[in-house]
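Numbering (our numbering), first residue to last: 25 to 332. A virtual CB, placed ideally from N, CA and C, is assigned to each residue, including glycine.
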């Protein structure tokens with residue numbers, strides 16, 4: 025090493041890793057936010073065919089990643105996921121299904137705003153299943169978000185697309201189950217379970233779809249959805265959260281729910297109804313406030329640790 029170049033301090037290296045982590049999470053949010061417009065660009069394939077080929081692309085990517093991570097120990101990694109991994113795979117596979125269906129049944133904005141409520145559902149499920157304490161602030165945020173989702177249901181009733189809103193509710197629920205199962209599993213790598221979630225989606229699409237025939241145009245979009253939107257989105261956020269505190273990661277991940285309605289407005293000229301927009305913004309605000317409270321709490325803990 026050149027003696028004229030001073031070594032990077034631990035603080036500087038940590039800061040650089042933090043900035044890189046934030047960038048990865050933001051990029052992951054951008055990838056995930058593209059799902060709505062990509063699904064709408066499919067010409068002829070129905071929801072179940074889209075689900076099948078999207079999951080096929082996702083599974084192909086996740087298999088390569090799992091093989092790279094575990095090599096010859098891959099069978100052992102799959103056995104290690106246990107019951108928690110199976111539950112995660114079933115829940116997440118159901119969530120993948122709800123995503124495709126809801127994007128074709130209601131507005132991109134409504135689906136995106138409902139997705140943002142995932143951390144609140146995770147808090148409730150963590151309280152029920154893992155006996156994790158939920159703070160009074162979180163309960164107030166959950167109450168506020170419930171009002172917002174109620175407004176979106178009201179808009180769905182008025183606009184005739186309440187079924188889409190109901191299906192979209194499966195997304196934050198599946199996210200919450202995934203988070204709780206990961207916490208329950210401890211140090212076990214749950215990436216193989218995520219692969220199995222894609223397999224669940226493939227099975228659902230194959231069983232329900234009348235035909236799996238697809239045009240080259242639609243196939244390419246579905247592959248991009250599976251590899252670029254879903255696979256890369258998940259992996260970038262997973263990598264980024266290694267360098268960014270959990271509460272801040274949750275806050276930055278909201279970029280998906282903010283960007284998706286913007287893409288729909290710019291490229292699809294889709295403008296949600298005022299009631300749906302009001303409810304969605306209320307949900308997004310509540311989740312954002314909860315994440316900000318978590319950021320402040322983590323910073324306070326770090327300061328106390330430094331001062332100790």
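Asked: Residue 141: first and last residue of the uninterrupted alpha helix (DSSP H) it sits in; Found: Where residue 141 is concerned, there is no enclosing alpha helix (DSSP H), given that its DSSP letter is neither H nor E.
Asked: Secondary structure of residue 278, DSSP reduced to three states; Found: coil
Asked: Alpha-carbon to alpha-carbon, residue 75 and residue 120; Found: 8 Å
Asked: Chain-order list of residues whose beta-carbon lies under 7 Å from that of residue 163 (same chain, five-residue window excluded); Found: none
Asked: Cβ distance (whole Å) where residue 253 is taken to contact residue 62 below 8 Å; Found: 6 Å
Asked: Local conformation of residue 94 per DSSP, three classes; Found: helix
Asked: For residue 65, the first and last residue of its enclosing alpha helix (DSSP H); Found: Here residue 65 belongs to no alpha helix (DSSP H), and DSSP marks it neither H nor E.
Asked: Rounded separation between residue 79 and residue 41 - CA only; Found: 32 Å
Asked: From 218, 317, 294, 241, residue whose alpha carbon lies closest to that of residue 202; Found: 218
Asked: Proximity below 9 Å, CB of residue 225 to CB of residue 117; Found: yes
Asked: Whole-Å CB distance - residue 221 paired with residue 290, under 8 Å assumed; Found: Rounded, the Cβ-Cβ distance is 30 Å, inconsistent with contact.
Asked: Any alpha helix (DSSP H) of 4 or more consecutive residues that is wholly inside the region 116 to 204; Found: 132 to 139, 142 to 153, 160 to 183, 186 to 192
Asked: Straight-line gap, residue 175 to residue 300 (C-alpha atoms, nearest Å); Found: 6 Å
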